[in-house]
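**Q** I'd like to ask some things about the structure below.
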Amino acid sequence: MSVLPQLFKLLLERKSRLFFGILFMLGYSLVSVAPAKYIKNVVDTLSQNKGTELDTFVLWGGLIILLLLLKGSFYFGQNFLMGSAGQGMIRDLRLQLFENIVHKPISYFNRNSTGDLINRFTTDLNTLNEAVKVAITGPLRDLPQIFILMGLMIDRSWKLSILSLVLLPPAAWLIGKFGRQNKKVTTKRLNKYGELSSLLTESITGIRVVKAFSMEKYEISRFKKENSRLYRYFLHSIRISSYSYPVLEFIGGLCGAAILIFGGYLMSIGEITGGDFTSFFMSFFMMNEPIKKFNGLTLKIQEGGAAAERIFDVLEQPIENNEMEGAVTLKPIQKEIRVVIDQFSYDDKPVLKDINITLKAGTITALVGSSGSGKTTLANLIPRFYEIPENHGSISIDGHDLRDVTLDSLRKQIAIVTQEIVLFNDSIINNISYGSINCSKDMTVKAAKAAYAHKFISSFTNGYDQQVGEKGVLLSGGQRQRISISRALIKDAPILILDEATSALDTESEKEVQSAIENLMKQRTTLVIAHRLSTIQHADIIHVLKDGRIVESGDHDELLQQGGEYKRLYDLQFRSVK
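Going by numbering that gives the first Met the number 0, the sequence shown runs without a break in its numbering and finishes at 577.
Below you can see the structure in the form of structure tokens.
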């Protein structure tokens, strides 16, 4: 996969900076080679005793100061313009990567670890950033300098030029070989970085479990093992760069020795002057430096190429099918949600089969069943977190197939409260208004009161501006759940999905949250997934799932009278009471 066209396209969006940056680079190259050109005149003048030596030194001293000022100005201009162009490209790529990731389907995050995705934002982008910095300045600055110096060398002595160029092909071959080796190692290193980041993320987010089971030593052992593997990849890269430089240095030294010997011979027979030889020798060593830099440049570019491939691998994965051709805006539900699924699978494993249910507008529909029966999967299909293949069924709202409506209009009609509450490391007010950022504080307070959250929020020193910590760790489970319900209330969506919203709460918290949920369900089309059957006894209809199929349907009393799966689950939960 070639990523150069994509990177070049991003870079070309800054044409003016690139254009003027290249002009400054050309100026820098010309000024840099000037001493090699005019040193011949100085040496020949002094050797022939033309003019006073003091006048010559004053002239050249002033010229050196002028060249240094020009060189410094050109260097600043090229570095600032090309550097800002490169950083602008990285900034846009970082934003593009984030925009792409947040539009990925849920299934993408099931297949890719959080740590590895974060690593592509950090390590991979930083590696690419370093490569871009040298790639857009090094070649454009050094190549003109090399060609100008080669022309100057040929002008001074074509025989010495041929000798000096004999060793360039092997040097170029070695530079390419070192670069290719380093790219392979870098790809492995970045992948290992991703694995290490995933391990670190798991250990930190699961720190309570780690400590509860006294597994600190085990986690340290896992991290140490992966960290050592990463270290070995770094050593490999260091080894490549360490032996590549002295090899190229040795080739340059051999060439320099040959020039010194042959140049001395040409001077002895009067074919070239001392000024010619000094100018040539100076040009050769000035040219030798950028050639050696190309080795480091190649290594950096290959590292950047490996990082760019990992970044564009994310960008090229499909995003959610947001706007199908001719997609329409879904209007608020008036009649029903119709779910007809012949079969739905995760990774070729069937999860749902022969589903045919209707959720009437304004009613409460409950899904019950043992773990793994497909309840959450069915609920996730309504907001299109997963797509149903066209030949395997459909879901419609008021007769509109959800595949034919825009995702934005669909999801604006749905509020979701789950057992796994997601709160952001922000204030309470911002967490409640998340998804409704233009709402007033009065609306936020009203929603909190309806969710029985206002009282505990007011008890905090900072009230609604209280920070909740990462994932809401500074709040209790019941408090987090009521914040989540407040968020759903303020969204005021006509469709509500409750996925085991009270299953992890203690009895006291459940009563408060259940009261908040009852406020939330008023005048909404509600789908409830429940583990505790006591919370869904008043549902208008209950569907019982087993092995991905609906085996029973009816209200609470009807299902108990049938004496089937629902009765079995009910008896299991209430046996102790009986």
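We put the beta carbon where it would ideally sit given N, CA and C, even for glycine. If you're wondering where the values come from, they're calculated on a predicted model, not measured in any experiment.
#1: Return yes when at least one heavy atom of the ligand PLP lies under 7 Å from the C-beta of Gly251, else no.
#2: Kindly confirm or deny that the stretch 380 to 400 and the stretch 332 to 345 touch, where touching means at least three C-beta pairs closer than 8 Å.
#3: For the alpha helix (DSSP H) containing Phe146, name the first residue and the last one.
#4: Determine, using beta carbons only, whether Ile540 and Val527 come nearer to each other than 8 Å.
#5: Output needed for Leu442: all residues of its chain with C-beta closer than 7 Å, excluding positions within five of it in sequence on either side, in chain order.
#6: How many Å lie between Lys521 and Asp491 at the Cα?
#7: Name, in chain order, the residues that DSSP records as bridge partners for Gln466.
#8: Do Ile436 and Ala447 have their CB atoms nearer than 8 Å?
#9: Go to Gly553, then tell me how far its beta strand (DSSP E) extends in each direction, as first and last residue.
#10: What do you reckon, are the CB atoms on Leu298 and Ser240 nearer than 8 Å?
#11: Do you know how far the Cα of Gly295 is from the Cα of Gly20?
#12: Are Pro289 and Asp403 closer than 8 Å when you measure CB to CB?
#13: Among all the DSSP beta bridges, which residues are the ones paired with Asp581?
#14: For a test of the three-state rule: what should DSSP assign to Gly205, helix, strand or coil?
#15: As a quick exercise: from Asp115, Cys254 and Ala130, pick the residue whose alpha carbon is nearest that of Leu82.
#16: Count the other CB atoms within 10 Å of the CB of Asn125; is the residue buried (16 or more) or exposed (fewer)?
#17: Give me, in chain order, the residues of the same chain whose beta-carbon lies closer than 7 Å to that of Tyr192; leave out the 5 immediate sequence neighbours on both sides.
#18: Count the other C-beta atoms from every protein chain shown that fall within 10 angstroms of the C-beta of Ile482, then say buried if there are 16 or more, exposed otherwise.
#19: Specify, as a first and last residue, the run of the beta strand (DSSP E) that Val338 falls within.
#20: Mind checking Tyr345: buried by the 16 CB within 10 Å criterion, or exposed?
#21: Helix, strand or coil: how does DSSP classify Thr272 here?
#22: On the CB-based measure, 16 or more other CB atoms within 10 Å of its CB, does Tyr217 come out buried or exposed?
#23: Does any C-beta atom of chain C lie closer than 8 Å to the C-beta of Val444?
#24: Since Asn355 sits in a beta bridge, which residues does DSSP pair it with?
#25: What would DSSP say about Pro104, mapped onto helix, strand or coil?
**A** In brief:
#1: Ligands displayed in this structure: none; no statement on the ligand PLP is therefore possible.
#2: yes
#3: Gly137 to Arg155
#4: no
#5: Note on residue identity: the sequence assigns Met, not Leu, to residue 442. Result list for Met442: Ile489, in chain order.
#6: 11 Å
#7: Ser426
#8: no
#9: Arg548 to Gly553
#10: yes
#11: 22 Å
#12: no
#13: Examination of residue 581 is not possible in this model, given that the chain is present from 0 through 577 alone.
#14: coil
#15: In the sequence under discussion, the amino acid at residue 82 is Gly, which differs from the Leu named in the question. Nearest of Asp115, Cys254 and Ala130 to Gly82, Cα basis: Ala130.
#16: exposed
#17: Asn118, Thr122 and Leu229
#18: buried
#19: Glu335 to Tyr345
#20: exposed
#21: coil
#22: exposed
#23: The structure shown contains no chain C; it is built from a single protein chain.
#24: Val339
#25: Reduced to three states, the DSSP call for Pro104 is coil.
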